[in-house]
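Down below is the structure, laid out as structure tokens.
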Amino acid sequence: GQQLATLIVALVGLISGLGIFLLVRIDIEHWIAAHAAATEEIAHENFAVRVTEQRPDEWGRLTDHFNDMAAALGQAEVMRDTFGQFVNPEVRDDILKRYPGLQVSLQEITVLFVDIRGFTRRCAGENPERVGELLNRFLTLAVGAVEDNGGYVNKFLGDGVLALFGATHPEERHADLAVACAQEMLKRLARLNDALTHAGQAPLVVGIGIHTGPALVGCFGATLTPRIGQPQFRREFSAIGETVNLGQRIEQMTKKVGGPILLSEATRARLQNGAALVDLGLQPLPGAPEPVRLYRVCDDSS
């Protein structure tokens, strides 16, 4: 009788152990399946996925870490997608690397403004499609010259462009690159003007202003809170400050003292390669607190 009782106890223990093992196995397999499915979603860039089942053990801590990782990936993807809409991927990655969290910092940069002279008068009475096509041709060559010289096109200003050098990534030669960009822009404009003249149209004349100095560089914008839903962000990577303002005023001075390329004393002092320049002396700039020494960049052919 004792042997039978022992056998029964052993069988009950074995069956109970097997039952517990199967339950634990099913539980763990279900947990693994949930994580595998969520990982597959992450691989397909669905960063909104979460493992909802919570556990009080070490497996639960792994679940928490997985959900935190998915949230971080989602936030990073939003930032990358946002920048990808207005800068090319390489520049976007440079910006996110230099300005983590999209913060604002003080940087020395060189700004370049270029504007078409008399374009508003030229547009009067013209076919809008023809005007748009001509403007697009100019902006295309301007953007090409900027990007080929390591600059960043910050804004289209109607019939002009604001470009930044040394803003998206560290670059000691930002002043030289801006001057090289301006010269390259004129070469490309000359080819466009040859085509316009051949087609019986008037050539384009531009003014270019270049200035170097400190500026606040980073992501500026607004946070809008709707009544329903998540906050909405309106952001622009840009540069602000007196350096930018002076750059635009120098570009406007090409109308008064001639050009087509003018640069400031601050830019001249930062040039490493040198350039053929004509000293125009101190010039009063509208809105500037004191006169600024300006230089005209000589034509490459001169």
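Under this note's numbering, the first residue of the sequence shown is numbered 406, with each subsequent residue one higher. Beta carbons are placed, not taken as given, at the ideal position from N, Cα and C, and that holds for glycine. As the structure is a prediction and not an experimental result, all values here were calculated from the model.
Of the residues the options, the one placed nearest residue i, counting alpha carbons only
i	options	result
PHE518	VAL558, GLY692, ALA600, ALA441	VAL558
GLY537	VAL548, PHE524, GLY549	PHE524
ARG675	GLN688, ARG632, ILE655, PRO619	PRO619
PHE701	PRO689, THR659, PRO691	It is Arg, not Phe, that sits at residue 701 in the sequence shown. Of PRO689, THR659, PRO691, the residue nearest in Cα terms is THR659.
LEU374	ARG535, GLY692, ALA681	An answer regarding residue 374 cannot be provided, because it is not within the stretch 406 to 707 covered by the chain.
THR617	LEU629, THR648, GLN407	THR648
ARG522	VAL414, GLU577, ILE514, PHE543	PHE543
GLN512	ARG698, GLY646, ALA415	GLY646
GLU510	PRO533, CYS624, GLN606	Note on residue identity: the sequence assigns Ser, not Glu, to residue 510. Cα-wise, what sits closest to SER510 is CYS624.
ARG640	THR630, ARG527, LYS592, GLY626	GLY626
LEU546	ALA442, GLY605, LEU591	LEU591
ALA681	GLY692, GLU445, LEU668	LEU668
LEU651	PRO631, ALA693, THR444	ALA693
GLU531	LEU690, HIS603, ALA607, PRO689	ALA607
Burial state of residue i, where buried means 16 or more other Cβ atoms lie within 10 Å
i	result
ASP704	exposed
ALA410	exposed
VAL683	exposed
ALA568	buried
VAL417	exposed
GLN490	Below a pLDDT of 50, predicted positions are generally treated as unreliable, and GLN490, at 47, falls in that range; the measurement from the model is reported next regardless. Label assigned to GLN490: exposed.
GLN408	exposed
SER421	exposed
ILE425	exposed
ALA441	exposed
GLN653	buried
SER706	The predicted position of SER706 is uncertain, since its pLDDT is 47 and thus under 50; a value taken from the coordinates is nonetheless stated next. Counting Cβ neighbours within 10 Å, SER706 comes out exposed, since fewer than 16 surround it.
GLY664	buried
LEU423	exposed
LEU562	exposed
LEU690	buried
ALA414	Checking the displayed sequence, the identity of residue 414 turns out to be Val instead of Ala. VAL414 is exposed by the Cβ-count criterion.
LEU419	exposed
LEU609	buried
First and last residue of the uninterrupted alpha helix (DSSP H) at residue i
i	result
LEU676	Run containing LEU676: none; DSSP gives neither H nor E here.
ASN541	533 to 553
Beta-carbon spacing of residue i, residue j below 8 Å
i	j	result
GLN677	ASP553	no
ILE666	ILE633	no
ILE615	VAL662	no
ALA671	ALA572	no
PHE570	GLY555	yes
ASP564	LEU597	no
GLU695	ASP520	no
ARG698	LEU687	yes
LEU594	VAL611	yes
HIS579	ILE514	yes
VAL551	CYS586	yes
Start-to-end residues for the beta strand (DSSP E) that takes in residue i
i	result
GLN653	Counting along the chain, GLN653 falls outside any beta strand (DSSP E), though it belongs to the alpha helix (DSSP H) covering 647 to 662.
ARG698	697 to 702
LEU668	666 to 669
ALA681	Segment: none, ALA681 is in no beta strand (DSSP E) and carries neither H nor E.
LEU569	565 to 570
Minimum Cβ-Cβ distance from residue i to chain D less than 8 Å
i	result
GLY626	Absent here is chain D; the protein component of the structure consists of one chain.
Any non-hydrogen atom of the ligand MG within 7 Å of residue i CB
i	result
ARG640	Absence of the ligand MG from the depicted structure is noted, as is the absence of any ligand whatsoever, leaving it without description.
- prompt: Which residue spans inside the region 579 to 640 form an unbroken alpha helix (DSSP H) run of at least 4?
  reply: 579 to 603, all fully within the region 579 to 640.
message: Could you tell me which whole alpha helix (DSSP H) segments of length 4 or greater appear in the region 503 to 530?
response: Counting only runs of 4 or more, we get 524 to 528.
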